[in-house]
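Residue numbers (this note's numbering): 70 to 741.
Think of the CB as a built atom: it goes at the ideal place given N, C-alpha and C, for glycine as much as any other residue.
Small disclaimer: the values here were computed from a predicted structure and weren't measured.
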């Protein structure tokens, strides 16, 4: 979305109240368009228009924005002078945030609006403006669309935001100490509006803007097409998926993934939980009966857009059954019952869940690792009978963002397709003796089996002589601990010691690299909380809150320290993460794509150590290779049919663009 776009489409409800708080009248519509406009006096108004309804204009002066539920596409704006409240719902979360931030920038610069406003217009100025408007053929009641955000407006807004960097909502008293100020509190750390750190935020933001490939996919999803997009590790698939979710209306949009960890990363639930048919091993008739249960059936009927991340780990049989279930429950014979599909994943990475280990001899190309059902092998999702019917457009991301080392990117691209040359083997073997530890932070050993991970972490922790400290999670529903464990990396019980190697499980500061997957070592405990030394700096880690959704739509929460023991980590659970320093032993690799997933977690060849590289442990599945060959042919054919767009030159200074990105990524404030 253009940060200057001062419009939003969503459901809106306006309530006017009398002095006693009783509602006098209402306006409600499921499909409204909100725009910003100015009258002849340059006063800013919020226009609310809907089909077959008169346009409502509310003066944006002395307003309060309540944005607690923006992630759900909801917000409210209280107009104190107008004595009414506007309730917004079913707004695309990302677009809602951008719209309210444009409002914020304009409010801090508009006449009579907010603390950054100018002085009220005098009578002489009013007469002068009236005369000018009449000569121009306009009245003072004439409304013009608001102008784009300017650089000066951004500077003023940013200055105001920095001046109120710790304000979230009006507080009756600043003297009382809040529970969140106590470092020993198990409440989540407070979300400040602006950080006072002097990092180059613009550079960090610049790195996460959508490129042309990603914009094209986003546009296809917004147009209602059913799409599949893929790409090698580090091309920004998960990042793009979160952007897509943020631009779609929450009502009818179901975000799912094949695993709980992947689902949590996009704020969704597992596909199996949403579908309501268990593992899908039952007969189709039994699946119909399971999906007909009230809560499950209602979820299917409300679903308009189904998002599935890590589609490579969904087997064809399960995909076929949920497609049939969708048609049956929704009483619609179109593919998937008319539901728009947005599928994302890389079939060169981890294969379907629950498949039998590949017993064929590993080599550069494993022959027919996946056969039909009669052979007992689990098929890939793209082998499903309904795949072609359901997917209208396919895309492949090609720009790698995780790695900047071109030599490493070339090696990974070869390993992805199972091709290992003598040069690649030699280069990876050379990493076996390189030192990648820094200042007490050891490399994380990636293992193919979870049992091995648990054994290594427990043994290393017990070997430390320091006193242990145990942190128990606080869950919203104690009876759902197992379900929450499946969805989150944060453990129900976490035991730490000074010297313990840990991994950060939350994004603290993207610009500094304190992100999900950052590695550190515990150097002390301060008032009961761990002080962790990361490569970037020391950080006192406080409790954080996670929310996960069940298939029925219920939200479960967990409050825990965002840390996990990290001497060892599972290859499966590392999918989607970027790790600072990695140690690999590929001798126990048992699936096609496992070696590639493990190697691609690193950012460069300098941050990886491969202990026992053997080219026989690197192979790709023949069916996947064939699928991607056909996929690229279709993509190339589709691209050749599209008209070439003429690019317009944009006269924008780099400082202006950077400032726009900086202010648009700041949290909201309340304007009074």
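Per DSSP, the unbroken alpha helix (DSSP H) holding residue 519 starts and ends at 519-532. Secondary-structure assignment with DSSP links residue 599 through a beta bridge to 594. Between residue 310 and residue 413, the C-beta gap is smaller than 7 Å, which places the two residues in contact. Of the candidates 571, 326, 630 and 157, the residue whose Cα lies closest to the Cα of residue 603 is 571. Contact annotation: the segment 647-658 touches the segment 512-523, with at least three C-beta pairs closer than 8 Å.
Counting the other CB atoms within 10 Å of its CB gives residue 178 a total of 16 or more, which places it among the buried residues. Within the DSSP bridge table, the entry for residue 413 names 298 as partners.
Annotation for residue 125: the continuous beta strand (DSSP E) segment containing it runs 125-128.
In the three-state DSSP reduction, residue 479 falls in the helix class (H, G or I).
Straight-line spacing of the CA atoms in residue 326 and residue 567 works out to 36 Å. For residue 479, the number of other beta carbons within 10 angstroms of its own is below 16, and it is reported as exposed.
Annotation: residue 455 to residue 389 spans about 6 Å, alpha carbon to alpha carbon. Looking at the DSSP output, residue 562 bridges to 541. The residue from 666, 83, 88 and 672 with its alpha-carbon nearest to that of residue 381 is 666. Here the segment 335-342 lies against the segment 612-630, with 3 or more beta-carbon pairs under 8 Å apart. Residue nearest to residue 359 within the set 330, 132, 376 and 393 is 393 (criterion: CA-CA distance). DSSP lists 105 and 127 as the beta-bridge partner residues of residue 115. 645 is the residue among 585, 699, 645 and 552 whose C-alpha sits nearest the C-alpha of residue 303. When the beta-carbon positions are compared, residue 84 and residue 95 come within less than 7 Å of each other.
With respect to residue 487, residue 688 sits close: the two C-beta atoms are nearer than 7 Å.
Exposure of residue 518 is indicated by the presence of fewer than 16 other C-beta atoms within 10 angstroms of its C-beta. Between the alpha carbons of residue 463 and residue 290 lies a distance of about 11 Å. By the criterion of a C-beta distance shorter than 6 Å, residue 657 is surrounded in its chain by 517, once the five residues flanking it on both sides are discounted. With a contact defined as Cβ atoms closer than 8 Å, residue 573 and residue 587 qualify at about 4 Å. When DSSP states are grouped into helix, strand and coil, residue 213 belongs to the strand group. For residue 118, the closest alpha carbon among the candidates 104, 109, 581 and 576 is that of 104. By the 16-neighbour rule on beta-carbons within 10 angstroms, residue 371 is exposed.
In this structure, residue 522 lies near residue 639, with their beta-carbon atoms less than 7 Å apart.
Looking from the CA of residue 594, the closest CA among 148, 564 and 114 belongs to 564. For residue 691, the three-state secondary structure derived from DSSP is helix. Pairing residue 357 with residue 347, the inter-Cα distance amounts to about 12 Å.
Residue 623 carries a coil assignment under DSSP once its states are collapsed to helix, strand and coil. According to DSSP, residue pairing for residue 663 in a beta bridge does not occur. Spanning the alpha carbons of residue 538 and residue 417 requires a straight line of approximately 41 Å. Distance between residue 590 and residue 607, taken at the CA atoms: about 9 Å.
No residue range can be given for residue 451, since it is assigned to no alpha helix (DSSP H) and is classified by DSSP as neither H nor E.
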